[in-house]
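Student: Just passing along the structure, written as structure tokens.
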Amino acid sequence: MSTGARGRPNWLAGALTAVWLIVIAVPILSMISWSLQSQQDLLDHGPLAPPSSITFENFAAVMDMGFGRYMRNTLIVTGAGIALTLLLAIPAAYAVVRSRSLLASASFRVFLLGLAIPAQAVIIPVYLIITRMGLNDTLAAVILPTVAFNLPLVVLILSGSLRDISGELYDAMTVDGAGALRMLVSLVLPLSRGSITTVSVFVGLGAWNSFIFPLIFLHSPEKKVLTLGLQSFRQEFGINLPGMMMGVLLSALPVFVLYLFARRWLVAGLAGVGGK
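In terms of the UniProt record's numbering, the sequence shown opens at residue 1 and continues consecutively.
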């Protein structure tokens, strides 16, 4: 139970916390329950009832439909999207913060302009560009737009984090003879771990859950990612809900594991304290 400033119980905060816990826990428990029962069991007992008998047939059905291949493709798209975004965004944010040139200032304004352009508004030009590049029906066709549309926000977040680094530290390294590259590697990256982890999780979640780019650019079954693969459980006259819930559960596990390892830096980045 939460307590107020004088040590008295805060019943309102406790009640709201309990309600929020129910709102979060019920869908998760339902997803686990559905994935461990048969379709007939679900129809007979209702969606909120616990399974009368546990079955792992849904796990076998998910694997038979190529879940491993979908997972591999999604990992490639997510990993490449995070790596390319950071590779481009960190030097760009560093240049925006440290450079006093008009080019750096104009480039930052271009990145800010990109925040106002949703992917859905330019999907046709992006499709034409990808097609003319010969990348249609490849994972690169999903990776490149993902990186492009994540760059503006990532540069904005990282540039704000880099501005929190004291100028005296830059001056001290300059006196020691450090160049721009050494300051980036030895000073900026260690002190920005929180923000880098935060934007990495943000980009990773966006790439992991991406649907519009895979839907437009991927056509071959061997190139599908998880968001497209889960549609395999939708049949002509119905949906295999337990099988789909098992697929959703398995696809959510890597995200949960990522949070367990990155939660410290994620919370620090969201709190605005960087990695310091």
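For every residue, glycine included, the Cβ atom is placed at its ideal position computed from N, Cα and C.
Candidates Thr198, Pro145 and Leu102: which alpha carbon is nearest Pro118's?
Tutor: Residue numbering aside, residue 118 sits at position 118 when the sequence shown is read from its first letter. Of the listed residues, the one whose Cα sits closest to Pro118 is Pro145.
Student: Does DSSP put Ile54 in a helix, in a strand, or in coil?
Tutor: What you label residue 54 is simply residue 54 of the sequence shown in a count that begins at 1. Residue state, collapsed to three classes: coil.
Student: Does the beta-carbon of Pro27 have 16 or more other beta-carbons within 10 angstroms, so that it is buried, or is it exposed?
Tutor: For the purposes of this step, residue 27 is taken as residue 27 along the sequence shown, with counting starting at 1. Classification for Pro27: exposed.
Student: Nearest CA to the CA of Val62: which residue from Val255, Gln231, Pro254 and Leu258?
Tutor: Walking along the sequence shown from the start, residue 62 turns up at place 62. The option with the nearest alpha carbon to Val62 is Gln231.
Student: Alpha carbon to alpha carbon, how far is Ser35 from Ile54? Give it in angstroms, no decimals.
Tutor: In the sequence shown, counting from the first residue as 1, residue 54 sits at position 54. In the sequence shown, counting from the first residue as 1, residue 35 sits at position 35. Taking the straight line joining both Cα atoms gives about 9 Å.
Student: Does the Cβ of Val201 have 16 or more other Cβ atoms within 10 Å, making it buried, or fewer, making it exposed?
Tutor: Here the question's residue 201 lines up with position 201 in the sequence shown. Val201 should be labelled buried.
Student: Any idea what DSSP makes of Ile117, helix, strand or coil?
Tutor: By one-based count along the sequence shown, residue 117 stands at place 117. In this structure, Ile117 counts as coil in the three-state DSSP scheme.
Student: Using the beta-carbon count (16 or more within 10 Å), is Tyr259 buried or exposed?
Tutor: As a working mapping, residue 259 is identified with position 259 in the sequence shown. Looking at its Cβ environment, which holds fewer than 16 other Cβ atoms inside 10 Å, Tyr259 is exposed.
Student: With which residues is Ile32 paired in a DSSP beta bridge?
Tutor: Numbered from its first residue, the sequence shown carries residue 32 at position 32. Paired residue(s): none; Ile32 is not in a bridge.
Student: Using 7 Å as the cut-off, classify the Cβ of Phe211 as near or not near the heavy atoms of the ligand ADP, replying yes or no.
Tutor: Summarising the ligand content, the structure contains no ligands, and the ligand ADP is consequently not present.
Student: What are the start and end residues of the alpha helix (DSSP H) that includes Glu222?
Tutor: Along the sequence shown, read from residue 1 onward, the residue named residue 222 stands at position 222. Run containing Glu222: none; DSSP gives neither H nor E here.
Student: Would you call the CB atoms of Ile123 and Ile212 closer than 8 Å?
Tutor: The sequence position of residue 123 within the sequence shown is 123, counting from 1. The sequence position of residue 212 within the sequence shown is 212, counting from 1. Yes.
Student: Can you look up Gly274 in the DSSP assignment and give me helix, strand or coil?
Tutor: Locating residue 274 in the sequence shown gives position 274, where the first residue counts as 1. At Gly274 the pLDDT is 44, less than 50, meaning the model places this residue with poor confidence and gives no usable figure here.
Student: Where does the unbroken alpha helix (DSSP H) through Leu169 begin, and where does it stop?
Tutor: Looking up residue 169 in the sequence shown gives position 169. That run of the alpha helix (DSSP H) goes Gly167 to Val175.
Student: Looking at C-alpha atoms only, which residue of Arg132, His45, Gly167 and Arg193 is the closest neighbour of Arg158?
Tutor: On the sequence shown, residue 158 is found 158 positions in, with the first residue counted as 1. Per the sequence shown, residue 158 should be read as Leu rather than Arg. Nearest C-alpha to Leu158: Arg193.
Student: Given Tyr170, which residues of its chain have a CB within under 8 Å of its CB, disregarding the five upstream and five downstream residues?
Tutor: Counted from its first residue, the sequence shown places residue 170 at position 170. Answer for Tyr170: Arg98, Met183 and Leu187, listed in chain order.
Student: Within 10 Å of its beta-carbon, does Val77 have 16 or more other beta-carbons around it, so buried, or fewer, so exposed?
Tutor: Within the sequence shown, numbered from 1, the residue matching residue 77 stands at position 77. Burial call: buried.
Student: I need the straight-line Cα distance from Ala207 to Arg8, nearest angstrom please.
Tutor: Your numbering for residue 207 matches position 207 in the sequence shown. Your numbering for residue 8 matches position 8 in the sequence shown. Straight-line Cα distance between these residues: approximately 45 Å.
Student: DSSP three-state call for Leu258: helix, strand or coil?
Tutor: Translated into positions along the sequence shown, residue 258 becomes position 258. Residue state, collapsed to three classes: helix.
Student: Does the separation of the CB atoms of Thr227 and Asn209 fall below 8 Å?
Tutor: As a first step, residue 227 must be located in the sequence shown, where it is residue number 227. As a first step, residue 209 must be located in the sequence shown, where it is residue number 209. Yes, the Cβ-Cβ distance between Thr227 and Asn209 is below 8 Å.
Student: Taking the beta carbon of Ala95 as the centre, do at least 16 other beta carbons fall within 10 Å, making it buried, or is it exposed?
Tutor: Position 95 of the sequence shown, counted from the start, is the residue given in the question as residue 95. Its Cβ being crowded by 16 or more others within 10 Å, Ala95 is buried.
Student: Tell me whether the beta-carbon of Phe217 lies closer than 8 Å to the beta-carbon of Pro152.
Tutor: For the purposes of this step, residue 217 is taken as residue 217 along the sequence shown, with counting starting at 1. For the purposes of this step, residue 152 is taken as residue 152 along the sequence shown, with counting starting at 1. Not in contact: Phe217 and Pro152 (Cβ atoms no closer than 8 Å).
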